[in-house]
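In the working numbering, the protein residues as written are 4 to 274.
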């Protein structure tokens with residue numbers, strides 16, 4: 004069983020002073036820097052330059068825009084407390100290389116302490132549950148003041164993901180597997196860059212998730228299997244219909260009941 008955790012309101016980590024109602028920045032890096040300035044002013048972070056570099060490195064690995072005009076840039080570095088959050092709204096929108104090509108109007112920047120593995124997973128699970136709702140996003144985008152925006156964000160409740168469905172970026176876990184395979188054939192310089200990408204990904208994942216991943220990689224040479232037409236490509240056994248349907252189009256991670264590998268939906272083939 005998953006260990007119980009006390010439920011939190013998003014505002015346990017967010018104060019009104021950490022909300023920018025209208026970002027001045029019109030570009031991604033500048034917007035992230037503007038939000039970091041807020042955290043530095045409130046003495047929630049120490050080294051703004053280091054954190055900015057880490058956040059941008061993470062963006063280069065994979066855009067943190069989750070679609071529908073929302074982005075969640077983040078980094079795992081030392082903070083004054085457990086977690087530091089800043090929120091910025093942009094009426095004009097900012098290009099975040101989002102998968103749906105839409106400009107971002109809401110940016111939630113998260114910086115968390117390395118001593119707490121998986122904390123971002125729990126925060127992400129809670130935020131995503133609310134931010135996926137069109138009515139909730141509409142209220143955010145139509146807020147008329149910082150106070151109103153803060154009040155709407157205070158409705159977000161943070162909860163642990165359920166044991167049978169690990170809330171995590173499935174695309175990141177697949178990418179981690181790809182990188183580990185590429186590292187075996189890489190030269191010294193390439194391996195160094197790939198290792199840097201590996202560390203960025205591993206910092207975001209729960210320790211228990213990584214332990215399972217490492218054991219599967221060691222035993223089978225791969226840990227993530229696609230589900231194609233309801234069949235796990237790791238063991239060629241049908242997965243439960245309900246699980247197969249849930250995986251389709253999802254960015255959550257599921258586990259095959261037969262072979263124990265992580266399951267993700269089939270990647271779209273490039274034409």
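Note that beta-carbon positions come from the ideal geometry of N, C-alpha and C, so glycine has one too. In this text, all values refer to a predicted model and were calculated from it rather than measured experimentally.
Item: Could you name the residues that DSSP lists as bridge partners for residue 263?; Value: Bridge partners of residue 263: none, in fact.
Item: Excluding sequence positions up to five away, which residues of its chain have a Cβ less than 6 Å from the Cβ of residue 134?; Value: 73
Item: Have a look at 258, 75 and 223 and flag the residue whose alpha-carbon is nearest the alpha-carbon of residue 235.; Value: 258
Item: With residue 180 and residue 146 assumed to form a contact (beta carbons below 8 Å), what rounded beta-carbon distance in angstroms separates them?; Value: 40 Å between Cβ atoms; not a contact.
Item: Straight-line CA distance for residue 111 to residue 18?; Value: 13 Å
Item: Go ahead and label residue 32 buried or exposed: buried means 16 or more other beta carbons lie within 10 angstroms of its beta carbon, across all protein chains shown.; Value: exposed
Item: If you draw a straight line from the C-alpha of residue 91 to the C-alpha of residue 188, how long is it?; Value: 42 Å
Item: By a C-beta neighbour count over all protein chains shown, 10 Å radius and 16 as the cutoff for buried, is residue 248 buried or exposed?; Value: exposed
Item: Helix, strand or coil: which one does DSSP assign to residue 184?; Value: helix
Item: Return the residue from the list 142, 156, 101 and 78 that minimises the CA-CA distance to residue 22.; Value: 156
Item: Leaving aside the five residues before and after residue 13 along the sequence, list all residues of the same chain whose C-beta is less than 6 Å from its C-beta, in chain order.; Value: 156 and 159
Item: Please confirm whether residue 48 and residue 114 have their CB atoms less than 8 Å apart.; Value: yes
Item: Helix, strand or coil: how does DSSP classify residue 105 here?; Value: coil
Item: Which same chain residues end up closer than 6 Å to residue 58 when comparing Cβ atoms and leaving out the 5 residues on each side of it in sequence?; Value: 35, 76 and 78
Item: State the DSSP-derived secondary structure class of residue 80, mapped to helix, strand or coil.; Value: coil
Item: If I'm right that residue 3 touches residue 16 with Cβ under 8 Å, what's the distance once you round it to whole angstroms?; Value: Shown here, the chain extends from 4 to 274; a query on residue 3 therefore has no answer.
Item: From the DSSP output, in three-state form, read off residue 208 for me.; Value: coil
Item: Find the nearest neighbour of residue 244 within the set 42, 106, 233 and 253, judged by alpha-carbon distance.; Value: 233
Item: So the candidates are 96, 161, 148 and 99; which of them puts its Cα closest to the Cα of residue 128?; Value: 161
Item: Look at the alpha carbon of residue 265 and the alpha carbon of residue 56, and state the distance between them as a whole number of angstroms.; Value: 31 Å
Item: Out of 223, 228 and 51, which one is the CA nearest neighbour of residue 178?; Value: 228
Item: Do the CB positions of residue 267 and residue 137 come within less than 8 Å of each other?; Value: no
Item: Quick test of your reading: residue 68 and residue 107, contact by CB under 8 Å. State the CB separation rounded to the nearest angstrom.; Value: 6 Å
Item: List the residues that DSSP assigns as beta-bridge partners of residue 229.; Value: 267
Item: Per the DSSP calculation, residue 160 is bridged to which residue(s)?; Value: 12
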